[in-house]
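Chemist:
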Amino acid sequence: MRNQRLYINTIGCQMNVYDSDRIARALEPGGYQQTHVLDEADLVIVNTCAIRAKAEQKAFSFIGRLARMKRQNPDLLIGVGGCVAQQEGEAILSRMPQVDLVFGTHAIPRLPQIVNQVKTRRIKVVDVEQSDGIDEIDLAAGFHDDGQVSRCLTIRQCCDNYCTYCVVPYVRGAEMSRHPDRILSEIETLVRGGVREVTLLGQNVNSYGRKEGLPSFAELLERVNGIEGLHRIRFTTSHPKDLSDDLMEAFGQLRKLCPHIHLPVQSGSDQILKRMNRRYTHQLYLDRIERLRSIRSDIAVTSDFIVGFPGESREDFEATLALMETVAFDSVFAFMYSDRKIAPASHFKNKVNEDEIKKRLQELLSTQETITMRKNRALVGTFQEVMVEGNSTRPGLAEAIDDGPQWSGRTPGNKIVNFNMGRKVDPEDALSVGQLVEVRIEKAYAHSLRGGLVRKEAPTGCPGGKDCHAA
Ligand code: 5AD
Ligand code: SF4
Numbered sequence: 011m012r013n014q015r016l017y018i019n020t021i022g023c024q025m026n027v028y029d030s031d032r033i034a035r036a037l038e039p040g041g042y043q044q045t046h047v048l049d050e051a052d053l054v055i056v057n058t059c060a061i062r063a064k065a066e067q068k069a070f071s072f073i074g075r076l077a078r079m080k081r082q083n084p085d086l087l088i089g090v091g092g093c094v095a096q097q098e099g100e101a102i103l104s105r106m107p108q109v110d111l112v113f114g115t116h117a118i119p120r121l122p123q124i125v126n127q128v129k130t131r132r133i134k135v136v137d138v139e140q141s142d143g144i145d146e147i148d149l150a151a152g153f154h155d156d157g158q159v160s161r162c163l164t165i166r167q168c169c170d171n172y173c174t175y176c177v178v179p180y181v182r183g184a185e186m187s188r189h190p191d192r193i194l195s196e197i198e199t200l201v202r203g204g205v206r207e208v209t210l211l212g213q214n215v216n217s218y219g220r221k222e223g224l225p226s227f228a229e230l231l232e233r234v235n236g237i238e239g240l241h242r243i244r245f246t247t248s249h250p251k252d253l254s255d256d257l258m259e260a261f262g263q264l265r266k267l268c269p270h271i272h273l274p275v276q277s278g279s280d281q282i283l284k285r286m287n288r289r290y291t292h293q294l295y296l297d298r299i300e301r302l303r304s305i306r307s308d309i310a311v312t313s314d315f316i317v318g319f320p321g322e323s324r325e326d327f328e329a330t331l332a333l334m335e336t337v338a339f340d341s342v343f344a345f346m347y348s349d350r351k352i353a354p355a356s357h358f359k360n361k362v363n364e365d366e367i368k369k370r371l372q373e374l375l376s377t378q379e380t381i382t383m384r385k386n387r388a389l390v391g392t393f394q395e396v397m398v399e400g401n402s403t404r405p406g407l408a409e410a411i412d413d414g415p416q417w418s419g420r421t422p423g424n425k426i427v428n429f430n431m432g433r434k435v436d437p438e439d440a441l442s443v444g445q446l447v448e449v450r451i452e453k454a455y456a457h458s459l460r461g462g463l464v465r466k467e468a469p470t471g472c473p474g475g476k477d478c479h480a481a
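Sequential numbering from 11 applies to the sequence shown in this note's numbering.
See the structure below:
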């Protein structure tokens with residue numbers, strides 16, 4: 011009998027990407043092999059996200075399209091997981107009769123039994139039970155090298171912060187941290203399989219271990235930094251109120267910790283921050299950025315913004331634009347405020363009308379575009395450590411083709427760099443994925459940089475920026 015084919019559609023955040031990997035891993039022993047071709051699937055799983063209405067609509071419209079596939083192939087199984095499944099449970103089955111299984115965010119370890127029940131007993135199953143502990147299926151179990159040098163792993167589930175616009179604390183349950191030993195052993199296995207960069211994930215990684223009395227996040231980073239063979243550590247997401255001195259100092263102390271922090275601010279207006287229940291002021295945010303930059307001057311800072319939160323006046327919005335200019339973010343994600351029934355802000359008065367929200371979003375994005383371009387141009391002429399991620403396929407590189415093969419990778423500050431080997435290097439002498447090289451930045455674009463290879467190994471502890479070449 012041929013292997014069964016599993017197709018997963020992942021919607022939303024990086025944590026869902028990690029969960030999709032865990033889903034694939036959980037189903038593998040039962041003979042399910044992942045495919046990227048929808049038409050050849052025997053089981054389709056939609057890993058959903060409930061954070062904004064748009065993400066939820068995307069999931070439902072994809073499941074809607076699967077109904078036709080199911081009519082043509084009644085043996086096809088359709089599963090819905092993730093936050094929407096957790097939140098809606100049974101209701102998904104009545105709304106979408108083509109669905110066979112609905113499983114919540116805590117049910118991934120039980121998936122083999124759920125799928126088996128659906129198949130052998132020809133019944134529909136809903137499992138949205140939340141567990142008290144951590145649902146351990148680490149990627150290390152049965153990990154095989156698939157050529158990916160950069161991997162994400164969740165170190166902390168859920169969130170207890172209750173920002174008034176956010177569904178996460180209501181659908182994902184109470185926050186929980188994974189034990190450091192499990193995290194360490196998972197990373198060590200990944201590194202043995204060829205992974206060179208890990209991104210530690212959690213809705214708020216800064217408060218890692220606090221509730222459980224485990225080592226702090228800064229201590230965890232120090233242990234990860236000691237893993238031989240690992241080149242780079244990243245993490246996301248941080249909450250400004252929980253950014254400890256220890257963690258900020260780690261950027262000056264841990265060689266493998268990339269100088270990049272994603273620190274969502276959401277708004278630059280204190281009255282909006284208060285209504286969002288963010289528990290910091292714009293001044294505290296600015297102080298934290300100043301301190302981070304005093305520790306690591308080249309640190310890249312990125313952020314999330316919500317535009318048009320209920321009650322946001324023009325003045326509030328201008329405070330946001332002013333904060334953007336003051337901080338000069340490297341890049342930002344900006345979202346139109348989206349009412350979520352379950353979150354308190356959906357009952358707030360003074361909703362901003364949609365046209366106005368769209369206008370503000372455009373204004374915010376164009377302000378940021380100018381800042382990003384300015385920051386990228388400032389990197390021209392600098393020498394950067396780049397971790398090779400693959401051959402570059404980006405258009406616009408034809409002019410450099412004479413200089414040999416094109417490669418792409420990222421700087422420590424997480425900027426994409428496309429680069430060529432340079433005339434001095436034998437073009438046959440290929441680079442390998444995961445290798446750290448030194449690249450001189452020659453051109454800046456809105457979303458990437460272009461450069462030339464300087465040498466095929468990066469100076470040890472290369473800090474990036476101008477000092478790098480001198481090291
Ligand atoms: N509306 C718009 N954006 C939201 N986010 C979270 N909830 C909402 C909502 N209801 C954004 C925040 C968060 C990011 C992951 O999604 O900016 O940082
Ligand atoms: Fe949601 Fe706030 Fe928790 Fe982030 S910190 S997941 S926005 S409640």
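Cβ coordinates follow ideal geometry from the N, Cα and C atoms, glycine included.
Please read all numbers here as calculations on a predicted model, not as lab measurements.
Any idea what DSSP makes of N57, helix, strand or coil?
Modeler: DSSP places N57 in strand when its eight states are reduced to three.
Chemist: For D1, report the span of its alpha helix (DSSP H) as first-last.
Modeler: In the structure as shown, the chain starts at 11 and stops at 481, and residue 1 therefore has no counterpart that could be examined.
Chemist: Alpha carbons only, please: which of H116, M346, D365 is nearest the one belonging to F315?
Modeler: When each option's Cα is compared against that of F315, the closest is M346.
Chemist: For chain C, check one thing: does any of its Cβ atoms lie closer than 7 angstroms to the Cβ of P354?
Modeler: Although the question refers to chain C, the structure presented lacks it and comprises just one protein chain.
Chemist: Alpha carbon to alpha carbon, how far is H270 from N214?
Modeler: In a straight line, the C-alpha of H270 is about 16 angstroms away from that of N214.
Chemist: If you draw a straight line from the alpha carbon of H46 to that of L16, how long is it in whole angstroms?
Modeler: H46 and L16: Cα-Cα distance of roughly 8 angstroms.
Chemist: With hydrogens ignored, establish whether the beta-carbon of V215 is closer than 6 angstroms to any heavy atom of the ligand SF4.
Modeler: Checking the Cβ of V215 against the ligand SF4 gives no.
Chemist: Rounded to a whole number of angstroms, what is the C-alpha to C-alpha distance between R298 and L253?
Modeler: Taking the straight line from one Cα to the other gives about 8 angstroms.
Chemist: Starting from R242, follow the beta strand (DSSP E) in both directions and report where the run begins and ends.
Modeler: It spans 242–246 - the beta strand (DSSP E) in which R242 sits, taken as one unbroken run.
Chemist: Give the secondary structure of I451 by DSSP, where H, G and I count as helix, E and B as strand, and everything else as coil.
Modeler: In the structure shown, I451 sits in a strand (DSSP, three-state: E or B).
Chemist: Can you list, in chain order, the residues of its chain whose CB lies under 7 angstroms from that of E50, leaving out five sequence neighbours each side?
Modeler: The answer, listed in chain order, is R15.
Chemist: Does the distance from the C-beta atom of V396 to that of V427 stay below 7 angstroms?
Modeler: Contact: yes.
Chemist: Just mark S376 as buried or exposed, buried being the case when its beta carbon has 16 or more other beta carbons within 10 Å.
Modeler: Exposed, because fewer than 16 other Cβ atoms sit within 10 Å of the Cβ of S376.
Chemist: Quick check: F261 and R306, are their CB atoms within less than 7 angstroms of each other?
Modeler: Contact: yes.
Chemist: Mind checking which residues open and close the beta strand (DSSP E) that includes Q24?
Modeler: Counting along the chain, Q24 falls outside any beta strand (DSSP E), though it belongs to the alpha helix (DSSP H) covering 24–37.
Chemist: Would you decide whether S341 is buried or exposed? Buried here means 16 or more other CB atoms lie within 10 Å of its CB.
Modeler: With 16 or more Cβ atoms within 10 Å of its Cβ, S341 is classed as buried.
Chemist: I need the DSSP call for G183, collapsed to helix, strand or coil.
Modeler: Residue state, collapsed to three classes: coil.
Chemist: Within 10 angstroms of its Cβ, does K351 collect 16 or more other Cβ (buried), or is it exposed?
Modeler: Under this definition K351 is an exposed residue.
Chemist: What residue range is occupied by the uninterrupted alpha helix (DSSP H) comprising L48?
Modeler: Segment: none, L48 is in no alpha helix (DSSP H) and carries neither H nor E.
Chemist: Could you tell me if the beta carbon of V178 falls within a distance shorter than 6 angstroms of some heavy atom in the ligand SF4?
Modeler: Checking the Cβ of V178 against the ligand SF4 gives yes.
Chemist: What does a CB cutoff of less than 6 angstroms around E467 pick up in its chain, not counting 5 residues either side in sequence?
Modeler: So no residue of the chain qualifies.
Chemist: For R75 and I61, I'd like the C-alpha separation in whole angstroms.
Modeler: Rounded to whole angstroms, R75 to I61 spans 22 angstroms at the Cα level.
Chemist: Out of curiosity, what's the CA-to-CA distance linking A456 and T382?
Modeler: The alpha-carbon atoms of A456 and T382 are separated by roughly 7 angstroms.
Chemist: Can you grab the Cα-Cα spacing for the pair H249 / V128, in whole Å?
Modeler: Roughly 41 angstroms between the two C-alpha positions.
Chemist: Contact between the stretch 203–219 and the stretch 235–245: three or more CB pairs below 8 angstroms?
Modeler: As far as the Cβ criterion goes, the stretch 203–219 touches the stretch 235–245, which means the pair count is three or higher.
Chemist: If we call anything under 7 angstroms between Cβ atoms a contact, is G462 one with F429?
Modeler: In contact: G462 and F429 (Cβ atoms closer than 7 angstroms).
Chemist: Does the beta carbon of S348 fall short of 6 angstroms from some heavy atom of the ligand 5AD?
Modeler: Yes, since a heavy atom of the ligand 5AD falls inside the 6 angstroms radius drawn around the Cβ of S348.
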